[in-house]
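As structure tokens, the structure follows; a few thoughts come after it.
There are 2 protein chains.
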Amino acid sequence: MNIGAASRRSALPAKTIRYYEEIGLLRPARAENGYRDYCDADIHRLKFLQRARGLGFSVEECRQLLSLYGDSHRASADVKALAATKLDQIEHKIAELRSLKKTLTHLVKTCHGDARPDCPILDELSGASA
Amino acid sequence: MNIGAASRRSALPAKTIRYYEEIGLLRPARAENGYRDYCDADIHRLKFLQRARGLGFSVEECRQLLSLYGDSHRASADVKALAATKLDQIEHKIAELRSLKKTLTHLVKTCHGDARPDCPILDELSGASA
DNA sequence: TGTTGATCTTCCAGTAACTGGAAGGATTAG
DNA sequence: CTAATCCTTCCAGTTACTGGAAGATCAACA
Chain Z
0 MNIGAASRRS
10 ALPAKTIRYY
20 EEIGLLRPAR
30 AENGYRDYCD
40 ADIHRLKFLQ
50 RARGLGFSVE
60 ECRQLLSLYG
70 DSHRASADVK
80 ALAATKLDQI
90 EHKIAELRSL
100 KKTLTHLVKT
110 CHGDARPDCP
120 ILDELSGASA
Chain U
0 MNIGAASRRS
10 ALPAKTIRYY
20 EEIGLLRPAR
30 AENGYRDYCD
40 ADIHRLKFLQ
50 RARGLGFSVE
60 ECRQLLSLYG
70 DSHRASADVK
80 ALAATKLDQI
90 EHKIAELRSL
100 KKTLTHLVKT
110 CHGDARPDCP
120 ILDELSGASA
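Going down the list, the sequences are from chains Z and U. Heads up, the first sequence is in numbering that gives the first Met the number 0, so the first residue is 0 and it goes up one at a time. Heads up, the second sequence is in numbering that gives the first Met the number 0, so the first residue is 0 and it goes up one at a time.
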């Protein structure tokens, strides 16, 4: 299977697939014409990457997950720990964004938003109230 | 004022301050010895940048905000629009992270997390349930 | 005066995770 | 046969810094 088909099946851009190969996440075979040739296991791996990246795992974390996945002796505890850590990070990020949203919402509300030159948002940013 | 002091006053690393200068966000004077010399307006600008970045504005958005800030004829509506757009983006990001959190929470809960080799997290990622 | 040690300078390179584009070979459809 | 599409490699750019090397300058102390 060529890279175009692999791209469609994995929902990953061809560029990204080549990039993943470059950084050693997979090693597809080569056809006689030099084209990459993806087998079912490769597609499986690519889909795995697509899902894990979509869940917010970094590429390095994906590499770990893939090695755990490939290791039939690994404990599910290892994977669970990785996922739990990621969950903490996500919660932290959500909290940060909420606080940010609160501040900005306040600013947008108090800004009259017309043609007058005074603006509470810029005042806040410039430290007028600090 | 040297870059070290400017760094302490603005809560920005010296490296970052030099970087901001490099990309044209400010132009501090130079002392005779070649050292950068920051005046109060520069510090003000740096603090502005520090706050705006912390609120999630990109460097380019900060550049816009700074030019609006410097323009006494600008309408507060311009700033409000920028902030409102940013608010939308933040809300979108929060929604994404929540959905992500939901999926991962489910996976972590269903994973027994012991030494057994089967693991619902990897199953899900590998597409076993898809 | 000498000499540390901290601070400053510039420049080069690297990070994450791709993305875009150029130049050129292979394949497929009509 | 030709045109369009797909494939290859390689180089460069993105965002917003961060790290480090090599060398100048400064402040403080004996």
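Glycine included, C-beta positions come from ideal geometry on N, C-alpha and C.
Per-residue burial, residue i [other beta carbons within 10 Å of its own, 16 or more giving buried]
i	result
I16(U)	buried
D41(Z)	buried
V58(Z)	exposed
P108(U)	Correcting the residue identity first, residue 108(U) is Lys in this sequence and not Pro. So K108(U) ends up on the exposed side.
I2(Z)	buried
C38(U)	exposed
I89(Z)	buried
R97(U)	exposed
A5(U)	buried
R44(U)	buried
Y18(Z)	exposed
K101(Z)	exposed
Where residue i falls: helix, strand or coil (DSSP)
i	result
R26(Z)	coil
T109(U)	helix
A129(Z)	A caution first: A129(Z) carries a pLDDT of 41, below 50, which makes its placement in the model unreliable, though a value can still be read off. The answer is coil: DSSP assigns A129(Z) none of H, G, I, E or B.
Proximal residues to residue i (C-beta, below 8 Å), its chain only, five neighbours per side dropped
i	result
R26(Z)	E20
K46(Z)	R8, S9 and A10
K14(U)	none
L64(U)	F47, A51, F56, V78 and L81
L54(Z)	K85
L24(U)	R44, L48, V58, C61, R62 and L65
I22(U)	V58
Opposing strand residues paired with residue i [DSSP bridges]
i	result
R7(U)	For R7(U), which the question treats as bridged, DSSP gives no partner whatsoever.
Chain-order list of residues whose beta-carbon lies under 6 Å from that of residue i (same chain, five-residue window excluded)
i	result
V78(U)	L67
S128(Z)	Its pLDDT being 45, under 50, S128(Z) is placed unreliably by the model, and the measurement read from it follows with that caveat. Excluding positions up to five away in sequence, the list is empty.
A76(Z)	none
A28(Z)	D36
Own chain, CB closer than 7 Å to residue i, minus 5 neighbours either side, in chain order
i	result
R52(Z)	C61
A30(U)	D36
Y34(Z)	N1
P12(U)	S6
Q49(U)	S9, A10 and L11
>> Which runs of the alpha helix (DSSP H) at least 4 residues long sit entirely within the segment 13 to 101 of chain Z? Give them in chain order.
In response: 13 to 21, 39 to 53 and 58 to 69
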